[in-house]
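S.K.: In this note's numbering, the protein residues as written are 368 to 605.
Using N, Cα and C, we set each Cβ at its ideal position, and we do this for glycine too.
Note that the coordinates shown come from a computational prediction; the quantities given were computed from them, not determined experimentally.
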Amino acid sequence: GVAALAYGTETIPAVDGIVGPGNAYVTAAKLLCSSRVRIDLPAGPSEVVVIADASASAERVSADLLAQAEHGADSESVLYTDDAMLSDAVRSMVVDNENVRVELVESLEEAVARSEAYAPEHLELHVADVAAVVGRIRNAGSVFVGGSAAVGDYAAGATHVLPTGGLARSAGGLGPEAFLKPIQIVEVSEDGLRAAAGVVGPLARVEGLPLHAASVEGALAAAAARSAGTGVAGREGT
Numbered sequence: 368g369v370a371a372l373a374y375g376t377e378t379i380p381a382v383d384g385i386v387g388p389g390n391a392y393v394t395a396a397k398l399l400c401s402s403r404v405r406i407d408l409p410a411g412p413s414e415v416v417v418i419a420d421a422s423a424s425a426e427r428v429s430a431d432l433l434a435q436a437e438h439g440a441d442s443e444s445v446l447y448t449d450d451a452m453l454s455d456a457v458r459s460m461v462v463d464n465e466n467v468r469v470e471l472v473e474s475l476e477e478a479v480a481r482s483e484a485y486a487p488e489h490l491e492l493h494v495a496d497v498a499a500v501v502g503r504i505r506n507a508g509s510v511f512v513g514g515s516a517a518v519g520d521y522a523a524g525a526t527h528v529l530p531t532g533g534l535a536r537s538a539g540g541l542g543p544e545a546f547l548k549p550i551q552i553v554e555v556s557e558d559g560l561r562a563a564a565g566v567v568g569p570l571a572r573v574e575g576l577p578l579h580a581a582s583v584e585g586a587l588a589a590a591a592a593r594s595a596g597t598g599v600a601g602r603e604g605t
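1) Does DSSP classify T394 as helix, strand or coil?
2) With DSSP run on the structure shown, which of helix, strand or coil describes E414?
3) Can you give the Cα-Cα distance for A586 and G565, rounded to whole angstroms?
4) Label N466 either buried or exposed according to how many other C-beta atoms from any shown protein chain fall within 10 Å of its C-beta, with 16 as the threshold for buried.
5) Which parts of the stretch 414 to 478 are runs of the alpha helix (DSSP H), unbroken and 4 residues or longer, counting only runs that do not cross its ends?
6) Are the beta-carbon atoms belonging to G368 and V528 less than 8 Å from one another?
7) Please go through the same chain and pick out, in chain order, the residues whose beta-carbon is closer than 7 Å to the beta-carbon of V501, but skip the five residues on each side of it.
8) Starting from L490, trace the beta strand (DSSP E) both ways and give me its first and last residue.
9) Quick check on V553: does DSSP put it in helix, strand or coil?
10) On a CA-only basis, which of N390, R405, L432 is nearest A321? Give me that one, please.
11) Can you tell me the Cα-Cα spacing of T394 and P409, whole angstroms?
12) Helix, strand or coil for V512 per DSSP?
In structure tokens, the structure reads:
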């Protein structure tokens with residue numbers, strides 16, 4: 368199906384872009400076609416990081432960790448907490464699941480730092496002072512406050528196509544921009560050409576591209592001639 372969209376068939380016209388989630392085989396197919404069509408970020412195993420303090424419910428935290436872990440054998444759920452009692456309680460509830468990791472940290476600041484380094488697909492905040500934490504988050508696909516990441520999976524309206532594998536450091540989730548293509552239109556006045564010539568000329572000659580410099584300088588001369596009404600621009604075109 369991915370190849371049909373990328374290359375076209377007798378009944379399916381080739382498309383310019385293929386975006387959206389899929390399993391490992393869909394991701395591999397999209398990557399193979401990426402030199403021909405635009406694709407979104409490759410979808411890796413599901414991830415959730417939970418940052419929690421003493422105010423959090425061990426039952427809720429463990430339920431959310433296990434929910435994301437059930438996506439697949441390579442999914443990963445991680446709890447960072449500064450509360451030893453919560454850490455012990457959650458660990459006892461998830462002990463049989465190899466995809467869930469519980470880490471006791473010194474402070475919420477350390478929890479945030481570890482989450483930022485991880486750059487998870489989903490991040491849940493189960494803390495008393497949400498405002499003090501959420502403002503420091505830069506690397507996460509989606510941040511969930513007061514609710515499970517499963518709400519985002521099914522009902523919240525937030526995109527469910529999110530960066531994984533640390534890509535949340537540099538990219539966000541799928542949005543309308545994936546279906547848009549910017550085009551630059553550059554219009555230069557005579558004054559603009561004059562300013563550009565002073566930059567392009569020296570740089571182009573240093574790079575061994577004198578015709579680039581000549582092109583801009585010629586455009587400036589033609590623009591100046593038009594302004595002066597000498598007709599030089601017309602003679603250059605004959």
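M.R.: In brief:
1) T394: helix per DSSP, three-state reduction.
2) strand
3) 13 Å
4) buried
5) Note on the stretch 414 to 478: whole alpha helix (DSSP H) runs with a minimum of 4 residues are 425 to 436, 451 to 461, in chain order.
6) no
7) L492, V510, V512
8) 489 to 493
9) coil
10) No information on residue 321 is available, as it lies outside the stretch 368 to 605 that the chain covers here.
11) As the crow flies, the alpha-carbon of T394 is around 6 Å from that of P409.
12) strand
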